[in-house]
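K.L.:
My questions all concern the structure below.
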Amino acid sequence: MLESIARQALFAGGWQAITKTFPVINPYDNAVVLEVADCGATEAKAALEAAVTAFSSFRHTTGFERSAIMQKWAALIRQNAETLARTMSMEMGKPVFESRGEANYSATAVEWYAAEAERIAGDIVPSRFAQKRAFSRLEPVGVVYAITPWNFPAAMIARKVAPALAAGCAVILKPAEQSPLTALLLAKLWVEAGGPADTFQVLPAADPIPVSSVLMGDARVRKITFTGSTEVGKLLYGQAASTLKRLSLELGGHAPFIVFEDADIAAAALTVSNSKFRNAGQQCVASNRVYAHESLQGAFEDAFAAQARGFKLGNPLEDDTTIGPLVDKATLDKVQAHVNDAVARGARIVSGGHATGGLFFEPTVLSNVHADSLMLTEETFGPVAPVVGFSSEADAVKWANNTEYGLAAYIWTKDIGRAFRVAEALEYGIVGVNDGVPSAMAPQAPFGGMKNSGVGREGGRWGLEAFLELKYISITLP
Ligand code: NAD
Numbered sequence: 000m001l002e003s004i005a006r007q008a009l010f011a012g013g014w015q016a017i018t019k020t021f022p023v024i025n026p027y028d029n030a031v032v033l034e035v036a037d038c039g040a041t042e043a044k045a046a047l048e049a050a051v052t053a054f055s056s057f058r059h060t061t062g063f064e065r066s067a068i069m070q071k072w073a074a075l076i077r078q079n080a081e082t083l084a085r086t087m088s089m090e091m092g093k094p095v096f097e098s099r100g101e102a103n104y105s106a107t108a109v110e111w112y113a114a115e116a117e118r119i120a121g122d123i124v125p126s127r128f129a130q131k132r133a134f135s136r137l138e139p140v141g142v143v144y145a146i147t148p149w150n151f152p153a154a155m156i157a158r159k160v161a162p163a164l165a166a167g168c169a170v171i172l173k174p175a176e177q178s179p180l181t182a183l184l185l186a187k188l189w190v191e192a193g194g195p196a197d198t199f200q201v202l203p204a205a206d207p208i209p210v211s212s213v214l215m216g217d218a219r220v221r222k223i224t225f226t227g228s229t230e231v232g233k234l235l236y237g238q239a240a241s242t243l244k245r246l247s248l249e250l251g252g253h254a255p256f257i258v259f260e261d262a263d264i265a266a267a268a269l270t271v272s273n274s275k276f277r278n279a280g281q282q283c284v285a286s287n288r289v290y291a292h293e294s295l296q297g298a299f300e301d302a303f304a305a306q307a308r309g310f311k312l313g314n315p316l317e318d319d320t321t322i323g324p325l326v327d328k329a330t331l332d333k334v335q336a337h338v339n340d341a342v343a344r345g346a347r348i349v350s351g352g353h354a355t356g357g358l359f360f361e362p363t364v365l366s367n368v369h370a371d372s373l374m375l376t377e378e379t380f381g382p383v384a385p386v387v388g389f390s391s392e393a394d395a396v397k398w399a400n401n402t403e404y405g406l407a408a409y410i411w412t413k414d415i416g417r418a419f420r421v422a423e424a425l426e427y428g429i430v431g432v433n434d435g436v437p438s439a440m441a442p443q444a445p446f447g448g449m450k451n452s453g454v455g456r457e458g459g460r461w462g463l464e465a466f467l468e469l470k471y472i473s474i475t476l477p
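Last residue of the sequence shown? That's 477 in numbering that gives the first Met the number 0, and every number before it is there in order.
Rendered as structure tokens:
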């Protein structure tokens with residue numbers, strides 16, 4: 000299946016062979032997985048013309064028709080889950096057991112939005128005038144430009160493209176340069192499911208800027224949906240202004256995990272560990288800072304470190320691997336720099352702490368981390384967790400909120416009053432209470448952040464509304 004997408008992009012009527020290519024490199028062994036089409040401005044212009052044409056008819060299909068195609072698409076994703084999973088693991092290094100979960104999540108998200116496509120409806124609006132009848136209707140926003148990151152090569156696409164297609168939009172996707180293969184496979188399955196030509200086009204590119212400049216500069220692209228760094232998100236926010244594109248931004252995070260004095264230490268350590276080390280810590284919602292009450296800090300650190308030591312580093316394609324390589328050298332260097340900085344400021348390594356060759360870094364727990372340390376102020380995006388002690392709930396909440404980010408936060412407590420009080424005080428779009436993975440298998444839930452973590456929400460009805468325009472129609476009866 001993979002060979003069939005080599006050197007190809009999907010746009011302007013179907014699969015197009017592109018002479019210019021770039022290699023997708025496996026971060027585990029540095030081997031070339033596949034040569035991929037390298038699209039630029041020419042391909043973006045052709046894709047845009049095709050999307051405009053495709054949208055002009057796709058917008059008139061019923062939600063029931065779109066739902067039927069999406070259900071077939073979801074079934075094909077399930078049938079090809081193993082291929083998708085192995086592809087993800089090869090292109091960005093995620094352990095295959097996690098990739099399988101991601102393929103399953105992606106099918107679930109498509110199924111959920113397939114059902115929602117049948118429920119897109121407006122409202123009857125009351126009139127003050129006896130001879131008038133008024134209502135609202137929901138219409139697809141138009142041609143959508145989607146940009147996705149490498150860390151969840153399938154899920155980030157499903158969460159954007161499924162609601163966009165459910166709404167009746169035509170989508171042009173530019174996947175991350177590290178992980179274009181999963182994107183191409185998902186689009187191939189959309190075509191196999193009977194998805195109309197050019198409703199979902201994929202333009203892989205080694206350099207995002209030529210494709211992006213064409214699409215961001217054209218007023219016919221009515222919506223940009225982006226997941227990635229805050230830096231690039233802000234750039235796109237500015238570029239969207241001149242044509243006033245609708246915009247959804249899912250950006251960086253710096254999640255705190257607060258372990259209160261009444262926590263079940265073993266359960267909290269396991270939960271933090273899953274939240275922190277999944278995908279080798281390369282997640283926007285990963286716990287980046289752990290605040291543990293002073294009364295249990297030592298015992299909690301020991302339990303957390305024991306969990307960290309239980310991970311198996313190895314080839315992402317092997318079933319029992321639980322930590323794969325980091326995606327690239329720059330990510331490894333940032334992780335090492337954060338550890339070096341914390342240690343230089345007096346931190347103690349409780350477990351791990353070292354690069355182990357290639358792009359691997361041990362799951363690491365640090366104690367005595369100084370408040371000014373880089374890992375307490377920046378997103379680390381790696382398998383490193385600083386633990387900081389606190390003595391009062393007020394301090395824990397203040398420190399947790401003391402960041403430019405506001406994506407996900409976690410707390411562990413058995414006190415129901417505290418659970419509500421703290422969850423409501425945290426300035427975050429997602430709060431897990433005794434739950435390290437609140438968004439797992441939940442495409443029906445809102446996902447997104449406050450402050451510098453983004454604009455808008457994906458998931459649930461909110462993720463669909465992001466691709467719909469609201470029209471008001473008032474009729475005076477003859
Ligand atoms: P990135 O911003 O560098 O890249 C993301 C995407 O943007 C890629 O497809 C890339 O090609 C593209 N891109 C880069 N520069 C661009 C430009 N000038 N114009 C147009 N497109 C451009 O981010 P990354 O390092 O690949 O991903 C990691 C970041 O993504 C982290 O900050 C992480 O927290 C964030 N993230 C957020 C969520 C969320 O839902 N909030 C989910 C996953 C990842």
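C-beta: ideal position from N, C-alpha, C; glycine also.
1) What did DSSP end up calling residue 502 once you bin it into helix, strand or coil?
2) For residue 69, which three-state DSSP category applies?
3) Shorter than 6 Å, the distance from the beta carbon of residue 231 to the closest heavy atom of the ligand NAD, or not?
4) Where residue 143 and residue 220 are concerned, what is the direct C-alpha to C-alpha distance, given to the nearest angstrom?
5) Taking only the alpha-carbon atoms, compute the straight-line gap between residue 13 and residue 50 and give it to the nearest angstrom.
6) Closer than 6 Å to a non-hydrogen atom of the ligand NAD - does that hold for the CB of residue 34?
7) Is any heavy atom of the ligand NAD found at a distance shorter than 6 Å from the C-beta of residue 252?
8) Roughly how many whole angstroms lie between the Cα atoms of residue 60 and residue 77?
9) Does the beta carbon of residue 146 fall short of 6 Å from some heavy atom of the ligand NAD?
10) Quick check: what's the CA-CA separation for residue 224 versus residue 146?
11) Near residue 352, what residues of its chain come up, given a Cβ to Cβ distance below 7 Å and the 5 sequence neighbours on each side ignored?
12) Cα separation between residue 182 and residue 153?
13) In three-state terms, what does DSSP make of residue 310?
14) What is the rounded straight-line gap between the Cα of residue 462 and the Cα of residue 347?
15) Let me check you understand the geometry: is the CB of residue 451 closer than 6 Å to at least one non-hydrogen atom of the ligand NAD?
16) In chain order, which continuous runs of the beta strand (DSSP E) of length 3 or greater are located wholly inside the region 323 to 406?
17) Are the region 22 to 34 and the region 84 to 101 touching, with three or more C-beta to C-beta distances below 8 Å?
18) At a threshold of 6 Å, does residue 357 count as lining the ligand NAD (C-beta to nearest heavy atom)?
19) Find the nearest neighbour of residue 198 within the set 343, 9 and 285, judged by alpha-carbon distance.
20) Give me the Cβ distance between residue 342 and residue 379, rounded to the nearest whole Å; I'm assuming they're in contact under 8 Å.
21) Assuming residue 103 is part of the alpha helix (DSSP H), what are its boundary residues?
22) Does any heavy atom of the ligand PLP sit closer than 6 Å to the C-beta of residue 149?
23) Count the CB pairs spanning the region 166 to 182 and the region 191 to 209 that are closer than 8 Å, and state whether there are at least three.
24) Would you mind sorting residue 23 into buried or exposed? The rule is 16 or more other CB atoms within 10 Å of its CB.
25) Taking C-beta to C-beta, are residue 465 and residue 211 nearer than 7 Å?
26) Which complete alpha helix (DSSP H) runs does the region 7 to 56 hold, if anything under 4 residues is left out?
27) May I ask which residues mark the beginning and end of the alpha helix (DSSP H) holding residue 191?
28) Verify whether the separation of the beta carbon atoms of residue 427 and residue 441 is less than 7 Å.
29) Between which two residues does the alpha helix (DSSP H) harbouring residue 81 extend?
30) Roughly how many angstroms separate the alpha carbons of residue 227 and residue 381, rounded to a whole number?
31) Could you round the C-beta distance between residue 261 and residue 394 to whole angstroms and report it? I think they count as a contact, below 8 Å.
32) Relative to the alpha-carbon of residue 56, which residue among 148, 117, 1 and 169 has its alpha-carbon at the smallest distance?
33) Could you pull the DSSP bridge partners for residue 431 from this structure?
34) What are the boundary residues of the beta strand (DSSP E) that includes residue 291?
35) Counting only the same chain and skipping the five closest in sequence on each side, list residues whose C-beta sits under 7 Å from that of residue 132.
36) With a 10 Å radius around its C-beta and 16 neighbouring C-beta atoms as the bar for buried, classify residue 120 as buried or exposed.
P.N.:
Looking at the atomic coordinates:
1) Beyond the ends of the chain as shown, which are 0 and 477, falls residue 502; an answer cannot be given.
2) helix
3) yes
4) 6 Å
5) 12 Å
6) no
7) yes
8) 25 Å
9) yes
10) 6 Å
11) 338, 361 and 363
12) 7 Å
13) coil
14) 43 Å
15) no
16) 347 to 350, 363 to 366 and 383 to 389
17) yes
18) no
19) 9
20) That belief does not hold up - the Cβ atoms of residue 342 and residue 379 are roughly 14 Å apart, past 8 Å.
21) 95 to 116
22) Among the ligands present in this structure, namely the ligand NAD, the ligand PLP is not found.
23) yes
24) buried
25) no
26) none
27) 179 to 191
28) no
29) 80 to 91
30) 16 Å
31) With 8 Å as the limit, residue 261 and residue 394 do not qualify as a contact, their Cβ atoms being about 17 Å apart.
32) 169
33) 409
34) 286 to 292
35) 126, 474 and 476
36) exposed
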